[in-house]
Amino acid sequence: MEFIIVKFVLVLIVFLVSLGIAAYSTYAERKIAAFLQDRVGPDRAGPFGLLQPIADGVKMFMKEEIIPTNADKGLFILGPSIMMMTACMTGVVIPWGDTLFINGTEYAVQITDVNIGILYIFGVVSIGVYGIMIGGWASNNKYSLMGAIRASSQMISYELAMGLSIIALIMTTGTLSIREIVEQQQGFHWNVFIQPLGFLLFIICAFAECNRTPFDLPECETELVGGYHTEYSSMKLGFYLFAEYINMFISSAIIASLYFGGYNFPFIDQLGLSHNMLTLLGTLIFFGKIFFFIFFFMWVRWTIPRFRYDQLMHLGWRIMIPLALVNILLTAGVVLWKNGQLFN
Amino acid sequence: MQLTNRSQIVVNKQMTFWEKMYLPAIISGLAITVKHLFRKRATVKYPEETRPVSAVYRGWHVLKRDEQGRENCTACGLCAVACPAEAITMTAAERKKGEEHLYREEKYAAVYEINMLRCIYCGLCEEACPKEAIFLTDRMVPSDLLRSSFIFGKDKLVEGTSPETKIDISQRTNAHRKP
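Chains as they are written, first to last, in our numbering: chain A, 1 to 344; chain B, 1001 to 1179.
Dropping the structure here:
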């Protein structure tokens, strides 16, 4: 019983935190876009415009709900629901912190430590493609369909390279559990120093998976009106946009935990703090890393223009995948050489 | 024949390996954008801050009163005739006995309206006025939600009688007299 309560509380916290961060990511996006363009950004709602996400949310709810006459109603509603659901599901396996001792019992700051955590994330993320595809198909609109086709082909192409870049990482860590991967990076032994090429491939693929610039072809306004969510309005549109920001948050968390040591930080043992304090500090640092990557996502968005579609496919299939394969080969060679199995 | 030194010869040069990697270019781009993070903002937060305007700025009109607080305007209609945007309309009325402290001459404008959305702020009304009654000032017309609220009547155009509510136009008139 206590197990269920603890997990329920954790789920609720993670759910609310990811929603809150997604909401404030919209604000941060607008602010950072403004700052990078020498503007001020939203500053009317509340101090520094901090209430802007709430105003936006209220606006989204108040908008008229339109379902096109020729749209497939069931699928039209299913699309954004899948998108939102998968976005919220990925946070389950991420280790948000080390363990906490409360009344002598040890609690891990993680909802569940599945021993195939990475595979779970890949599985859930690839369901997310259905959200976009179904939404675009159900709209019965050529622009939506084009956007959906672009999105799904892009996500499928880049999922391959992403998976391959992760394989190299798994070969060095020897585990699929994200918590174990994070624990191996104790102190400053971050995987980014072991797998720099893998990290580069992974972060590029993460941009593509999140449909962020320079890979935001599914919703490029200049060609496709609004992309796969052209026909959506009110909170269904809100769900699509919101899910995108949750995805960005979760990918930042995954990048931080796989390659940047998660809740580990240098000189963790020399602080002389109690275990619980170190866990809290580690969680804070983990969130600092996540915020940095969210900032990085936005920074790149306001720097680089979008790819052309053939360039996107060229990059995905003819550069990323071969590079990932080379990375696997190199890693395999180094792992074997370290074990002394290479030349005998 | 070379006419200017700005011409450039087009070369269809192949990109080098370094350029094909794109990453150095992306990093230098990121460096450029992050520099802008710390630049001065170009935004002027309008209602709270305003840009300095010149002394002869042409904004919201004022209908002046004379030293004794009487309206200068005699509703002659020359401003309305001069107005290229046809923004000014007025209705003249005759001054009654006992109103001598309100209006300077026997005729006055009972209704005087300027449509601020039609007005192009050219200042021809001011030039046409023989009585020094209408002037353009450096006040900007505030925004509003209704078109009808941009038709400014005498309540918004005539200056007050007390010294505090008088609108100073000396800078503008001096600047005009200078040459």
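Note that beta-carbon positions come from the ideal geometry of N, C-alpha and C, so glycine has one too.
Collapsed DSSP secondary structure at residue i in the structure displayed
{"i": "H1036/B", "result": "helix"}
{"i": "T1165/B", "result": "coil"}
{"i": "A1110/B", "result": "strand"}
{"i": "E1094/B", "result": "strand"}
{"i": "R189/A", "result": "Here residue 189/A turns out to be His, not Arg, going by the sequence shown. Three-state DSSP puts H189/A in coil, outside helix and strand."}
{"i": "A33/A", "result": "helix"}
{"i": "I166/A", "result": "helix"}
{"i": "L237/A", "result": "helix"}
{"i": "S144/A", "result": "helix"}
{"i": "F267/A", "result": "coil"}
{"i": "N247/A", "result": "helix"}
{"i": "T425/A", "result": "No information on residue 425/A is available, as it lies outside the stretch 1 to 344 that chain A covers here."}
{"i": "T1137/B", "result": "coil"}
{"i": "V1053/B", "result": "coil"}
{"i": "A1075/B", "result": "coil"}
{"i": "P1179/B", "result": "At P1179/B the pLDDT is 49, less than 50, meaning the model places this residue with poor confidence and gives no usable figure here."}
{"i": "I149/A", "result": "helix"}
{"i": "H1229/B", "result": "Summary: the structure shown does not reach residue 1229/B, with chain B confined to residues 1001 through 1179, and so no result is reported for it."}
{"i": "V1081/B", "result": "helix"}
{"i": "E106/A", "result": "strand"}
{"i": "P199/A", "result": "Note that residue 199/A is Phe in the sequence shown here, rather than Pro. In the structure shown, F199/A sits in a helix (DSSP, three-state: H, G or I)."}
{"i": "R1065/B", "result": "strand"}
{"i": "T1089/B", "result": "strand"}
{"i": "T99/A", "result": "strand"}
{"i": "V11/A", "result": "helix"}
{"i": "N1115/B", "result": "strand"}
{"i": "F215/A", "result": "coil"}
{"i": "F295/A", "result": "helix"}
Neighbourhood of residue i by C-beta distance below 8 angstroms, restricted to the same chain and skipping five residues each side
{"i": "N1072/B", "result": "L1063, K1064, R1065, D1066, R1104, K1131, E1132, A1133"}
{"i": "T1161/B", "result": "R1065, G1069"}
{"i": "A1082/B", "result": "L1124, C1125, E1127, A1128"}
{"i": "H1093/B", "result": "Note that residue 1093/B is Ala in the sequence shown here, rather than His. Closer than 8 angstroms at Cβ, skipping near neighbours: A1075, K1107, Y1108, A1109, A1110."}
{"i": "S152/A", "result": "V129, I132, M133"}
{"i": "L278/A", "result": "D98, I268, L271"}
{"i": "N345/A", "result": "In the structure as shown, chain A begins at 1 and stops at 344. Residue 345/A is therefore absent and cannot be evaluated."}
Cut-off 7 angstroms between Cβ atoms - residues of its own chain near residue i, not counting five sequence neighbours on either side
{"i": "F101/A", "result": "H275, N276"}
{"i": "A55/A", "result": "A45"}
{"i": "Q184/A", "result": "T173"}
{"i": "D216/A", "result": "R306"}
{"i": "M1/A", "result": "none"}
{"i": "R1139/B", "result": "G1059, W1060"}
{"i": "Q186/A", "result": "N264"}
{"i": "I321/A", "result": "L160, A161, L164"}
For residue j and residue i, believed in contact at Cβ under 8 angstroms, the rounded distance
{"i": "S165/A", "j": "A324/A", "result": "5 angstroms"}
{"i": "P214/A", "j": "R306/A", "result": "5 angstroms"}
{"i": "G316/A", "j": "S157/A", "result": "4 angstroms"}
{"i": "A168/A", "j": "I328/A", "result": "5 angstroms"}
{"i": "M383/A", "j": "F297/A", "result": "Given that chain A is displayed from residue 1 to residue 344, the structure contains no residue 383/A and the question cannot be resolved."}
{"i": "I1026/B", "j": "I304/A", "result": "6 angstroms"}
{"i": "V92/A", "j": "I118/A", "result": "At roughly 13 angstroms, the Cβ-Cβ gap does not stay under 8 angstroms, so V92/A and I118/A are not in contact."}
{"i": "P68/A", "j": "I178/A", "result": "The pair is not a contact, with the Cβ atoms about 41 angstroms apart (cut-off 8 angstroms)."}
{"i": "A1085/B", "j": "I1120/B", "result": "5 angstroms"}
{"i": "F35/A", "j": "L1037/B", "result": "5 angstroms"}
Residues near residue i in its chain [Cβ-Cβ closer than 6 angstroms; skip 5 each side]
{"i": "A23/A", "result": "P53"}
{"i": "P1179/B", "result": "The predicted model places P1179/B with a pLDDT of 49, which falls under 50 and marks its position as unreliable, so this point remains unresolved."}
{"i": "G1153/B", "result": "E1113"}
{"i": "N1115/B", "result": "A1087, I1151"}
Residue-level contact to chain D via CB, residue i, 7 angstroms cutoff
{"i": "S234/A", "result": "Chain labels in this structure do not include chain D; the protein chains are A and B."}
### Query
Can at least three beta-carbon pairs, one atom from the region 35 to 51 of chain A and one from the region 199 to 216 of chain A, be found at a separation below 8 angstroms?
no
### Query
the region 1046 to 1060 of chain B: which residues have C-beta closer than 8 angstroms to a C-beta of chain A, in chain order?
none
### chain A contacts made by the region 1129 to 1155 of chain B, where a contact means CB separation under 9 angstroms
none
### Query
Which of the residues in the region 294 to 315 of chain A, read from start to end, lie with their CB under 8 angstroms from any CB of chain B?
W299, V300, W302, T303, I304
### Query
Hey, is the region 88 to 106 of chain A in contact with the region 144 to 163 of chain A, meaning 3+ C-beta pairs nearer than 8 angstroms?
no
### Task
Pair every Cβ in the region 234 to 242 of chain A with every Cβ in the region 114 to 128 of chain A, then say whether three or more of these pairs are closer than 8 angstroms.
no
### Query
What residues in the region 190 to 209 of chain A bring their beta carbon closer than 9 angstroms to a beta carbon of chain B?
L200
### Query
Just by C-beta distance, which residues in the region 1026 to 1044 of chain B are closer than 8 angstroms to chain A?
I1026, G1029, L1030, I1032, T1033, V1034, H1036, L1037, R1039, K1040, R1041, A1042, T1043
### Query
Any chance the region 171 to 179 of chain A sits against the region 135 to 153 of chain A, with 3 or more Cβ pairs inside 8 angstroms?
no
### Task
Answer yes if the region 1164 to 1173 of chain B comes into contact with the region 1070 to 1085 of chain B, meaning at least three C-beta pairs across the two stretches below 8 angstroms, and no otherwise.
no
#### Entry: chain B contacts made by the region 212 to 232 of chain A, where a contact means CB separation under 7 angstroms
none
### Message
Beta carbons nearer than 8 angstroms to chain B: which residues of the region 37 to 58 of chain A have them?
### Response
Q37, D38, R39, V40, D43
### Message
Quick test of the definition: if touching needs 3 or more C-beta pairs under 8 angstroms, does the region 1075 to 1085 of chain B touch the region 1138 to 1156 of chain B?
### Response
no
### Query
In the region 264 to 296 of chain A, which residues sit with their C-beta less than 7 angstroms from some C-beta in chain B, listed in chain order?
none
### Message
When you compare the region 1054 to 1063 of chain B with the region 1089 to 1102 of chain B, are there three or more beta-carbon pairs, one atom per stretch, that lie closer than 8 angstroms?
### Response
no
### Task
Note down, in chain order, all residues in the region 18 to 36 of chain A with a beta-carbon under 9 angstroms from any beta-carbon belonging to chain B.
I32, A34, F35, L36
#### Entry: Three or more C-beta pairs below 8 angstroms linking the region 179 to 196 of chain A and the region 28 to 41 of chain A
no
#### Entry: the region 71 to 87 of chain A in contact with the region 240 to 255 of chain A per 3-pair CB rule at 8 angstroms
yes
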